[in-house]
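Q: Numbering (this note's numbering), first residue to last: 3 to 459.
C-beta atoms are modelled at their ideal positions from N, C-alpha and C, and glycine is treated no differently.
Below: one structure in structure tokens.
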């Protein structure tokens, strides 16, 4: 997609920014629907804001941010009436910048979520706002971002932290739903390929990936017991690891029960193994937020076989680490998948407020190419939208909060707003979200058996 956009002429891009989604394709791009192009464009805005947040939290950026008038102590000597900033930017400007950038993105997507409530088809006037006017939407996002950087400090940091905790909790569940959907699609696709072609190779590939996922998950459990349960006060970690291990075994058994297989032939261990691996990641991510250093050794200390250093008071600032990087990778994958997904899983579609999607028909391919030879996206929502505009933007709003918490390591501002510190609420939020996610996956397996009078095909 990026290569296609790069090949567009400057004039074409300038006109498209003020136009609609269908003109965002060039002749080299494959034909697609405007619903997909619009979701990709909004996701690009989210990823662009996330990239800015990553840059802002990098060490050394506080020196550059001091040059912003009135932004922090020690910056340019231009004062703004009514705003007094008593922060030490050398310590906290990194996370403060992320808070404000993600606040702007969350407000932007929440605004569109409200505006797009109950849009039923592309004939609704609000649909043109969803699928067009990209230049003006970009300007709105920039305007909100600039305003966010002049929000006075104080209670904002603490209040927005709790907004981030709640929003991230919900988004982790959404991520797991998307992973469930991806695993179902992956398994079904490879089973179909096995039926049509070399069945031994495809079944061997399925078995290999399933075994790899379980091997990684089991290895993670062993490492967790070795390194995260050594202290006397690490009882919570032992409970978390044991419970999630038991839950993963349960969903793996349920996934291959004869009755479940009969109701859902595409269900299998591939999905259960991927969900188990993701559950272990969430478990690890939760334990890394434990403020007890004996139960939470840093990855660097494990590699060097040295004890974790205890930061001095007022210097509890740590940049995002290994678990944060993995979280960003999973976030990027889920955001991209949510933009282009085409699912036949009815239960997941109901949870994600989407409909079953298929590839472009032959007539759509012809309509996608205009008389000038330029490919344009096809309007496939004249009768009904293929996804809930409002829910999609709400998901991106939650994704903005998840990015904020990931980049700041889920650390909480201290009482003086001078530093960031680990907190047990973040631990419980992540663990409870993993339990709810496992329950949702279990529901996708047993729902056809419990609700036998409903059609889940």
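Exposed or buried, which one is residue 122 when buried takes at least 16 other CB atoms within 10 Å?
A: Position 120 of the chain shown, counted from the start, is the residue given in the question as residue 122. Classification of residue 122: exposed, given that the 10 Å Cβ count is below 16.
Q: So, residue 254 versus residue 215, is the Cβ gap smaller than 8 Å?
A: As a position in the chain shown, residue 254 is number 252, starting the count at 1. As a position in the chain shown, residue 215 is number 213, starting the count at 1. No.
Q: Taking only three categories from DSSP, how would you classify residue 84?
A: Position 82 of the chain shown holds residue 84. Legend: pLDDT at residue 84 = 47, less than 50; position of this residue unreliable, value from coordinates given subsequently. Coil at residue 84, not helix or strand.
Q: From the DSSP secondary-structure annotation, give me the bridge partner or partners of residue 35.
A: Taking the first residue of the chain shown as 1, we reach residue 35 at position 33. Answer by DSSP bridge pairing, in chain order: 380.
Q: Once DSSP output is grouped into helix, strand and coil, what is the label at residue 266?
A: Reading the chain shown from its first residue, position 264 is the one you call residue 266. It is coil, neither helix nor strand.
Q: In the DSSP assignment, the alpha helix (DSSP H) including residue 296 goes from what residue to what residue?
A: If you number the chain shown from 1, residue 296 lands on position 294. Careful: residue 296 lies outside any alpha helix (DSSP H) and carries neither H nor E.
Q: Between residue 196 and the rest of its own chain, which residues show a CB-CB distance below 7 Å, the 5 nearest in sequence each way excluded?
A: As a working note, residue 196 is residue 194 in the chain shown. For residue 196, where only same-chain residues beyond five positions count, the Cβ hits under 7 Å are 204 and 205.
Q: By Cβ distance below 7 Å, which residues in the same chain neighbour residue 105 in space, the five residues on each side in sequence not counted?
A: Here residue 105 refers to the residue found at position 103 when the chain shown is read from its first residue. Taken in chain order, the residues that qualify are 150 and 162.
Q: If I measure Cβ to Cβ from residue 368 and keep anything under 7 Å in the same chain, skipping five residues before and after, which residues do I get?
A: Taking the first residue of the chain shown as 1, we reach residue 368 at position 366. Because the pLDDT of residue 368 is 48, which lies under 50, any placement of that residue in the model is unreliable, and the number read from its coordinates should be weighed accordingly. If we look at residue 368 and ignore the five residues flanking it on each side, it has no Cβ neighbours.
Q: Let me check one thing: in DSSP terms, what residues is residue 149 bridge-paired to?
A: Along the chain shown, read from residue 1 onward, the residue named residue 149 stands at position 147. DSSP output for residue 149 lists no bridge partner at all.
Q: Just confirm the distance between the C-beta atoms of residue 283 and residue 251, as a whole number of angstroms; I'd bet it's less than 8 Å.
A: Here residue 283 is taken as the residue at index 281 of the chain shown, counted from 1. Here residue 251 is taken as the residue at index 249 of the chain shown, counted from 1. That belief does not hold up - the Cβ atoms of residue 283 and residue 251 are roughly 17 Å apart, past 8 Å.
Q: Below 8 Å between beta carbons: does that hold for residue 455 and residue 326?
A: Numbered from 1 along the chain shown, position 453 holds the residue referred to as residue 455. Numbered from 1 along the chain shown, position 324 holds the residue referred to as residue 326. In this structure, residue 455 keeps its C-beta atom at 8 Å or more from the C-beta atom of residue 326.
Q: Can you say whether residue 396 is buried or exposed, counting buried as having 16 or more other CB atoms within 10 angstroms of its CB?
A: Along the chain shown, read from residue 1 onward, the residue named residue 396 stands at position 394. Note on residue 396: 16 or more other CB atoms within 10 angstroms of its CB, so buried under the neighbour-count rule.
Q: Identify, in the order they occur along the chain, each residue of the same chain with its Cβ nearer than 8 Å to the Cβ of residue 453, setting aside the five sequence neighbours on each side.
A: In the chain shown, residue 453 corresponds to position 451, counting from 1. Here the set comprises nothing.
Q: Is the stretch 180-188 close to the stretch 265-281, with three or more CB pairs under 8 Å?
A: yes
Q: Could you spell out where the alpha helix (DSSP H) holding residue 201 opens and where it closes?
A: Residue mapping note: residue 201 aligns to position 199 of the chain shown, counting from 1. Residues 201-229.
Q: Whole-angstrom Cβ separation of residue 389 and residue 124, contact assumed at under 8 Å?
A: Within the chain shown, the letter at position 387 stands for residue 389. Within the chain shown, the letter at position 122 stands for residue 124. With a Cβ gap of about 12 Å, residue 389 and residue 124 do not count as contacting.
Q: Could you check how far apart the C-beta atoms of residue 118 and residue 392 are, in whole angstroms? I think they sit under 8 Å.
A: As a working mapping, residue 118 is identified with position 116 in the chain shown. As a working mapping, residue 392 is identified with position 390 in the chain shown. Between residue 392 and residue 118 the Cβ distance is about 5 Å, and since that is below 8 Å, they are a contact.
Q: From residue 274 to residue 157, what does the alpha carbon distance come to, in whole angstroms?
A: In the chain shown, residue 274 corresponds to position 272, counting from 1. In the chain shown, residue 157 corresponds to position 155, counting from 1. The straight-line gap from Cα to Cα measures roughly 43 Å.
Q: Starting from residue 240, follow the alpha helix (DSSP H) in both directions and report where the run begins and ends.
A: Position 238 of the chain shown holds residue 240. Per DSSP, residue 240 belongs to the alpha helix (DSSP H) from 237-257.
Q: Between residue 398 and chain B, is there a C-beta pair that is closer than 8 Å?
A: Absent from the structure is chain B; it holds one protein chain and no more.
Q: On the premise that residue 170 lies in contact with residue 404, defined as a C-beta separation below 8 Å, what is that separation, rounded to the nearest angstrom?
A: In the chain shown, counting from the first residue as 1, residue 404 sits at position 402. In the chain shown, counting from the first residue as 1, residue 170 sits at position 168. Yes, they are in contact, since the Cβ atoms of residue 404 and residue 170 sit about 4 Å apart, within 8 Å.
Q: What residue range is occupied by the uninterrupted alpha helix (DSSP H) comprising residue 167?
A: Counted from its first residue, the chain shown places residue 167 at position 165. Where residue 167 is concerned, the enclosing alpha helix (DSSP H) stretches over 157-198.
Q: Closest to residue 143 by CA distance: which of 50, 294, 337 and 226 is it?
A: As a first step, residue 143 is located in the chain shown; it is residue number 141 there, counting from the start. It is 50.
Q: Please look up how many angstroms separate the CB atoms of residue 175 and residue 435, rounded, as I've assumed it's under 8 Å.
A: Translated into positions along the chain shown, residue 175 becomes position 173. Translated into positions along the chain shown, residue 435 becomes position 433. About 6 Å separates the two Cβ atoms, so the contact holds.
Q: Compare the C-alpha of residue 153 against each of 99, 199 and 133 and name the closest.
A: Counted from its first residue, the chain shown places residue 153 at position 151. When only C-alpha atoms are compared, the closest one is 99.
Q: Relative to the C-alpha of residue 190, which residue among 263, 146 and 110 is closest?
A: Taking the chain shown and counting its residues from 1, one reaches residue 190 at position 188. Out of 263, 146 and 110, 263 has the C-alpha closest to the C-alpha of residue 190.
Q: Between the Cα of residue 415 and the Cα atoms of 207, 338, 166 and 432, which residue gives the shortest distance?
A: On the chain shown, position 413 is the one that residue 415 refers to. Of 207, 338, 166 and 432, the residue nearest in Cα terms is 166.
Q: On the CB-based measure, 16 or more other CB atoms within 10 Å of its CB, does residue 364 come out buried or exposed?
A: If you number the chain shown from 1, residue 364 lands on position 362. Low local confidence applies: a pLDDT of 42 at residue 364 is under 50, so the model's placement there is unreliable, with the coordinate-based value given in what follows. By the neighbour-count rule (16 or more Cβ atoms within 10 Å), residue 364 is not buried but exposed.
Q: Have a look at residue 238 and residue 294 and give me their C-alpha separation to the nearest angstrom.
A: To locate residue 238, count along the chain shown from 1; it is residue 236. To locate residue 294, count along the chain shown from 1; it is residue 292. Approximately 11 Å, taken between the alpha carbons.
Q: In chain order, what residues of the same chain lie with their CB nearer than 6 Å to the CB of residue 111, ignoring the 5 residues before and after it?
A: Residue 111 sits at position 109 when you count from the first residue of the chain shown. Correct list, in chain order: 395, 398 and 399.
Q: Alpha carbons only, please: which of 219, 265, 48 and 44 is nearest the one belonging to residue 451?
A: In the chain shown, residue 451 corresponds to position 449, counting from 1. It is 265 whose Cα lies nearest to the Cα of residue 451.
Q: Please identify the residue among 222, 236 and 164 whose C-alpha is closest to the C-alpha of residue 413.
A: Within the chain shown, the letter at position 411 stands for residue 413. When each option's Cα is compared against that of residue 413, the closest is 164.
Q: What do you reckon, are the CB atoms on residue 296 and residue 233 nearer than 8 Å?
A: Position 294 of the chain shown, counting from 1, holds the residue named residue 296. Position 231 of the chain shown, counting from 1, holds the residue named residue 233. It is a contact, given that the beta carbons lie within the stated cut-off.
Q: By Cβ distance below 6 Å, which residues in the same chain neighbour residue 429 in space, the five residues on each side in sequence not counted?
A: Walking along the chain shown from the start, residue 429 turns up at place 427. If we look at residue 429 and ignore the five residues flanking it on each side, its Cβ neighbours are 288, 291 and 292.
Q: Which term fits residue 160, buried or exposed, when burial requires 16 or more other beta carbons within 10 angstroms of its beta carbon?
A: Here residue 160 refers to the residue found at position 158 of the chain shown. Exposed.
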